[in-house]
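Below: one structure, written as structure tokens.
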Amino acid sequence: MTPRPFLARWASLALAACTMSLSTADSSQAAPAAPLLLTIATASPGPVIHRNVYGQFAEHLGTGIYGGLWVGPDSKIPNTRGWRNDAVAALKALQVPLVRWPGGCFADEYHWRDGIGPRAQRPVRLNKLWGGVEEPNAVGTHEFFDLVELIGAQAYVNGNLGSGTVQEMADWLEYLTSDSRSALAEERRRNGRDKPFPVTHFAVGNEAWGCGGHMSPETYAAQYRQYSTFLRAPNRPKLIASGGNDAQTVWTDVLAREIRFNIDAIAHHYYTFPSGKFHGKGASRGFGEDEWVSTLAHALALGGHIDANLKLLNQADPEKKIAFYIDEWGTWYDDDADFKHRGLLAQHNTQRDALVAALHFHLFHERAERVQMTNIAQMANVLQSMIQTEGERLVLTPTYHAFALYVPFQGATTLPVQLPGVPEVARGAHKVPAVSATAARTADGRLVLGLVNTDPRQAHAVQVALPAGAPARALGQQLVAPALDAENTLAQPEVVRPRPVQAQRRGNTLTLNLPPASVQVFTLEP
Ligand code: AHR
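Residue 355 in our numbering is what sits at position 374 of the sequence shown, and the numbering runs on without skipping anything.
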């Protein structure tokens, strides 16, 4: 089904009694008559939004690494020691705080020794889960750390529990972290790295309930206890237990009760399918308003799933020592014939994806005390990616732009918001609140406000009550699109891109106009 040209219809609505003074990219846009009142509890700050909430995930899958990020030093595509320069520049500009590697499911098939030493001598293996393709091992430990250092991110390494051994995992950690004269540290030096690699996070397996070994939570907990016992290091990274997914709570419950030490976080996975089902997920574009709303509703359902898990975590760990990470999240659509050449799990990335991302950010901010890291799946070409590449060309997706808008929230302190009377947008069996808001105070004292209008047809306006002495205006960036499934392509790379917006204060209020199907972030400038 072809989406309706909603912006054209919206512009013609010409709603009356508009009190706002927001200049948008399209000055013909009008706001509805009754703005929603937004109150920000500036005197009652909440927890800090950890930067790693905006983390990423890069797996050896399809062209997620090879082609999308790595082209090799001999490529005619401009690169730095093999990493494509355009991707590095885009990810650096995005201030990616952390990257998870090498999987995903691939992590439990990966043997780190295959990826060290001279590249020409590394063994070719089969990536058995992801298409059975040849894995050249050109990207290994040293290359991964070169990438994170190039983009200025922290490193999250996912160890192999499923098909590895305790010794293999313990050796990798020593190779990564030891500054001693041990044989493993010396081997690392011979391979070109004198100082230890700054690995900040390390996971013991992935999805042990599925591709990581089809274990029960009790079996995994026992395995985790054994493996983690031997993950000794002077500057040991945070250790992560791989938990459940979707609405499951049993993994959090069992892991939090049965792993009493050597654990810093439990990781949970959640993918958004338009249909809500893994089989028959829904298309990545060409959807109607019903699937627009069902997708956003399924994205928002993650909030309830996190809460159910946190309830159990709070019982088992009242001192809140164990964080709760969502180390895989994002949209996942039916396989797309258009992108077969890009390899597995490549999909269109549209304005809908930008809204899914922004709504997730809001959920994560609300739960920032325990949700201290998340990783969107994935960074390049795979699933809900930041960048899409074809040969030497690269496109920034709407999701990239959503991440860019929310950069000011990294490390900011949450401020509770109240937004009563938000209408619902209902289509078919699903409904979502028309407007979602989040606010925070940056380290340098600026107030930032993120707003999503989920309504595919209707503009909404939000009136922010400002304390006396508050800034006179808000400057922002707004993501709107000419269609619900608008995307950026090689031929038209700037269909969806942020545009500057601003709003002037009137008395003690600031009125912000939210176009249909939009994402915006405002900063109140002194
Ligand atoms: O991101 C794609 C896959 O989804 C990951 O490899 C796996 O962990 C999850 O099931």
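A virtual CB, placed ideally from N, CA and C, is assigned to each residue, including glycine.
Closer than 8 Å to chain D by CB, residue i
i, result
"A289", "This model lacks chain D altogether, as it is built from one protein chain only."
Buried versus exposed, by CB contacts within 10 Å (16 or more), residue i
i, result
"N330", "buried"
"V105", "exposed"
"Q501", "buried"
"S366", "buried"
"Q391", "buried"
"T312", "buried"
"P497", "buried"
"E40", "buried"
"G409", "exposed"
"P379", "buried"
"G43", "buried"
"P479", "buried"
"L281", "buried"
"N295", "exposed"
"F242", "exposed"
"D7", "Low local confidence applies: a pLDDT of 38 at D7 is under 50, so the model's placement there is unreliable, and no value is given."
"G450", "exposed"
"L491", "buried"
"K515", "Residue coverage of the chain in this structure runs from -18 to 507, which leaves residue 515 outside it and unanswerable."
"A278", "buried"
"L493", "buried"
"Q10", "Here the model assigns Q10 a pLDDT of 46, short of 50, so the residue's position is not dependable, and the following value carries that caveat. Buried, because 16 or more other Cβ atoms sit within 10 Å of the Cβ of Q10."
"S209", "buried"
"G143", "buried"
Alpha helix (DSSP H) segment containing residue i, residue limits
i, result
"R206", "198 to 210"
"R170", "164 to 171"
"L291", "270 to 297"
"R333", "332 to 347"
"F254", "That residue, F254, is in no alpha helix (DSSP H); it is neither H nor E in DSSP."
"K73", "66 to 74"
"R238", "231 to 239"
"A151", "147 to 158"
Option nearest residue i by Cα separation, candidates the options
i, options, result
"R266", "D317, L281, Q207", "D317"
"N108", "C86, F125, A136", "C86"
"I307", "Q399, W313, A248, F211", "A248"
"G284", "H343, H411, R81", "H343"
"N172", "A151, L212, H123", "H123"
"K412", "T435, I357, R427, I58", "T435"
"G488", "F503, V445, G98, N356", "V445"
"G194", "N141, P481, R333, L294", "N141"
"L432", "T423, P179, P414", "P414"
"S25", "K302, L493, P397, G324", "P397"
"R427", "P452, P448, A407, T419", "P452"
"N216", "A189, D234, E199, F183", "F183"
"G112", "A393, A101, A420, H322", "H322"
"P16", "D425, G450, L400", "L400"
"T423", "V443, A297, T394, E405", "T394"
"L157", "S144, Q102, D175", "D175"
"F384", "V138, V337, E272, A407", "V337"
"G45", "V403, A327, G457", "A327"
"R81", "N139, D288, L110", "N139"
"M354", "F126, A264, A246", "A246"
"W153", "L110, S197, A214", "A214"
"E475", "V376, L128, L110", "V376"
"D127", "G402, G98, G63, Q148", "G63"
"P218", "E199, N226, A151, F268", "A151"
"F38", "N187, P177, S144, R100", "N187"
"L220", "I244, A164, N226", "I244"
Residue i: CB within 7 Å of a non-hydrogen atom of the ligand SAM
i, result
"E149", "Within the structure as shown, the ligand SAM is missing, the only ligands being the ligand AHR."
Unbroken beta strand (DSSP E) run spanning residue i, endpoints
i, result
"Y306", "304 to 312"
"E115", "114 to 116"
"L18", "17 to 21"
"Q369", "368 to 371"
"K219", "219 to 226"
"L491", "490 to 495"
"I357", "355 to 358"
"W93", "Unbroken run through W93: none, as it is neither H nor E."
"V381", "Sequence check: residue 381 is Tyr here, not Val. Taken as a continuous stretch (DSSP letters only), Y381 belongs to no beta strand (DSSP E), being part of the alpha helix (DSSP H) at 379 to 386."
"V79", "Contrary to the premise, residue 79 reads as Leu rather than Val in this sequence. L79 -> beta strand (DSSP E) spans 79 to 82."
"R107", "The residue asked about is misnamed: residue 107 is Leu in this sequence, not Arg. Taken as a continuous stretch (DSSP letters only), the beta strand (DSSP E) holding L107 covers 106 to 108."
Worksheet item: Okay, do the region 86 to 99 and the region 48 to 61 touch, 3+ Cβ pairs below 8 Å being the bar?
Response: no
Worksheet item: Contact between the region 63 to 80 and the region 129 to 148: three or more CB pairs below 8 Å?
Response: yes
Worksheet item: Using 8 Å as the Cβ pair cut-off and three pairs as the minimum, do the region 109 to 117 and the region 62 to 72 touch?
Response: no
Discussion item. Does the contact criterion of 3 or more C-beta pairs under 8 Å hold for the region 27 to 38 versus the region 55 to 66?
Written reply: The region 27 to 38 and the region 55 to 66 do not touch, with fewer than 3 CB-CB distances between them shorter than 8 Å.
Discussion item. Closer than 8 Å is the cut-off here; do at least three beta carbon pairs connect the region 250 to 259 with the region 195 to 210?
Written reply: no
Worksheet item: How about the region 336 to 354 and the region 14 to 24: do they share at least three Cβ pairs that are nearer than 8 Å?
Response: no
Item to complete: Would you check if the region 458 to 473 and the region 350 to 363 touch, i.e. whether three or more CB-CB distances between them fall below 8 Å?
Response: no
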